[in-house]
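First the structure, in the form of structure tokens, and then the observations on it.
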Amino acid sequence: MSTETPHHTVTARFEDGRHVEALSTMTCTAPADALCHAVWDCDCEAWDLPRVEDGRPVHMSMYGGEHTGQLDPEFCNLREWFDNSDETLNGEITFPVTPEWTGDGYLFNAAQDTP
Ligand SMILES: [Zn+2]
Ligand SMILES: [Zn+2]
């Protein structure tokens, strides 16, 4: 899983010169059959060997047997977690900025480095 192309991107937002984590958003571009779209029929809080089988998410229950659910391409478990938890960002990024003179100082606008 870790060698796949990342399917989740975070858009960082800045306000008053500071990164505001609560305003940052995650975008999910994972394919429709990705496990992050799993909506489980059960209430398990932990599970083993989650996978997609015949278009349905399946996991092993800790109490034996298998549980299933549905795939909802509009829903993303990772995005839910990102939006509803604190301190979910780690690491650093380098991004270009364009200076803008505002009359009494510079404002540095974050620029997209996509061509
Ligand atoms: Zn379960
Ligand atoms: Zn996702």
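Residue numbers 8 to 122, in the numbering used here, belong to the letters of the sequence shown in order. Every residue, glycine too, gets a C-beta built ideally from N, C-alpha and C. Here the structure is a predicted model, which is why all the values come from computation and not from measurement.
Can you pull every residue whose C-beta falls closer than 6 angstroms to some heavy atom of ligand 1, listed in chain order?
Trp-47, Cys-49, Cys-51, Trp-54, His-66, Ser-68, His-74
Candidates His-66, Ala-29, Thr-32, Glu-28, of which the one nearest Ala-135 by Cα
This structure gives no information on residue 135, because the portion of the chain shown stretches from 8 to 122.
Three-state secondary structure (DSSP) of Met-8:
Position 1 of the sequence shown, counted from the first residue, corresponds to residue 8. Since pLDDT at Met-8 reaches only 48, below the 50 mark, its modelled position is unreliable, and the value read off the structure follows with that caveat. The three-state secondary structure of Met-8, taken from DSSP, is coil.
Please confirm whether any heavy atom of ligand 2 lies closer than 8 angstroms to the CB of Arg-58.
Position 51 of the sequence shown, counting from 1, holds the residue named residue 58. Flag unset: Cβ of Arg-58 not near ligand 2.
Is Ala-26 near ligand 2, going by C-beta to nearest heavy atom under 8 angstroms?
Indexing the sequence shown from 1 puts residue 26 at position 19. A small correction: the amino acid at residue 26 is His; Ala does not occupy that position in the sequence shown. No, Cβ of His-26 sits at least 8 angstroms from all heavy atoms of ligand 2.
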